[in-house]
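The number in my numbering is simply the position in the sequence shown, starting from 1, with 6 added. Report on one structure; see the data block that follows.
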Amino acid sequence: MHAINIYLWHLNQLAQTVSRFSLGIWPHENLRTTLLRAAISTLERTEAALQAGRSYDYKVAWDDPEHTLVFNCSAVLRAGYSRLLPPSHSFNRLALLVDDHEGLSRAVKTYVTTPLERNEFVTKAASKAYEGFKGPVTIGATLVSKTAAFSWSIEHAVAGWDSALLLTKWVHSMEVDVAGQQPSNEELQLVDDLRSLLAEVQYEHEPNIEGYSLAALLARAWAALLGDDGGNLETARIGIPEAG
Numbered sequence: 007m008h009a010i011n012i013y014l015w016h017l018n019q020l021a022q023t024v025s026r027f028s029l030g031i032w033p034h035e036n037l038r039t040t041l042l043r044a045a046i047s048t049l050e051r052t053e054a055a056l057q058a059g060r061s062y063d064y065k066v067a068w069d070d071p072e073h074t075l076v077f078n079c080s081a082v083l084r085a086g087y088s089r090l091l092p093p094s095h096s097f098n099r100l101a102l103l104v105d106d107h108e109g110l111s112r113a114v115k116t117y118v119t120t121p122l123e124r125n126e127f128v129t130k131a132a133s134k135a136y137e138g139f140k141g142p143v144t145i146g147a148t149l150v151s152k153t154a155a156f157s158w159s160i161e162h163a164v165a166g167w168d169s170a171l172l173l174t175k176w177v178h179s180m181e182v183d184v185a186g187q188q189p190s191n192e193e194l195q196l197v198d199d200l201r202s203l204l205a206e207v208q209y210e211h212e213p214n215i216e217g218y219s220l221a222a223l224l225a226r227a228w229a230a231l232l233g234d235d236g237g238n239l240e241t242a243r244i245g246i247p248e249a250g
């Protein structure tokens, strides 16, 4: 799985280089689009091979050691989808390496205010990020936040953080619709699925999600999963931007 991610990183670097010498606008550049489609195809084939003959039931993955391993590998693949996006769509992870709250806050604000270009590749990545949230909710958000560190890999935590940032930014972009871009059927379906999933999460102060920003509710719910109750101190650190 890590080899796949390294391959995708190099492919994305090549795609970015190609775009600098093109007059087109991403993702309408022919060569760049071809490279990104090849990357998506690689991820889909890997995922299909990984899941071959196995149940998609998240609760099975919680109890079965073999499914837990597959579950962790799937998380690494989700990170691959999110990292196919341009650098402008990514959070500055170097801000997490220093003990500078102001610098971290600036990195968060930059990430939030940078416009997100919605297209088929971003929608695909957002749908995979949604799966990263669906799993813990289906299993039980409280149970996962308390005990996930005992069986889930640190890669799963990092992939969850990547997915959380991407999906909340995508949902926020859908809500504000700054560019006035009409949502596709896939985007509308993803928003409906997310709204239904958030309705299953118990909120102490917001029992009814209607009237609230979905992006804010999602960030709050996912930040709870990235806490340190389960023993993964790394998730406590990376959960700070999401909770903020």
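Even for Gly, the Cβ is constructed at its ideal location relative to N, Cα and C. It should be emphasised that the depicted structure is a prediction, and the values quoted were computed from it without experimental measurement.
Check your understanding: Buried or exposed: which applies to residue 168, given that a residue is buried once 16 or more other Cβ atoms fall within 10 Å of its Cβ?
Key -> buried
Review point. Which two residues bound the contiguous alpha helix (DSSP H) that contains residue 127?
Key: 126-145
Check your understanding: Under the three-state reduction of DSSP, which class applies to residue 219: helix, strand or coil?
Key -> coil
Exercise for review: Can you have a look at residue 162 and say buried or exposed, based on whether 16 or more other CB atoms are within 10 angstroms of its CB?
Suggested key: buried
Check your understanding: For the candidate residues 55, 21 and 81, whose alpha-carbon lies nearest to that of residue 170?
Key -> 81
Practice item. Flag this pair as yes or no: are the beta carbons of residue 10 and residue 48 separated by less than 8 Å? Key: yes
**Study point:** Beta-carbon proximity of residue 85 to residue 21, cut-off 8 Å
**Key:** no
Check your understanding: Hey, out of 160, 130, 123 and 220, whose CA is closest to residue 281's CA?
Key -> Here the chain has residues from 7 to 250 only, and residue 281 is not among them.
Review point. Rounded to a whole number of angstroms, what is the C-alpha to C-alpha distance between residue 73 and residue 57?
Key: 9 Å
**Study point:** Residue environment, residue 136, which counts as buried when at least 16 other CB atoms sit within 10 Å
**Key:** buried
**Study point:** CA nearest to the CA of residue 160, picked from 78, 42 and 19
**Key:** 78
Practice item. Step through the CB atoms of chain B and report whether any lies within less than 8 Å of the CB of residue 19. Key: Of the protein chains in this structure there is only one, and it is not chain B.
Review point. Is DSSP giving residue 123 helix, strand or coil here?
Key: coil
Exercise for review: Below 8 Å on the Cβ atoms is my guess for residue 173 versus residue 89; work out the distance and round it to an integer in Å.
Suggested key: Wrong, their Cβ atoms sit about 14 Å apart, outside the cutoff.
Review point. Distance, Cα to Cα, residue 189 vs residue 7?
Key: 32 Å
**Study point:** alpha helix (DSSP H) segment containing residue 201, residue limits
**Key:** 191-206
Exercise for review: Look up residue 186 in the DSSP assignment and say whether it is helix, strand or coil.
Suggested key: coil
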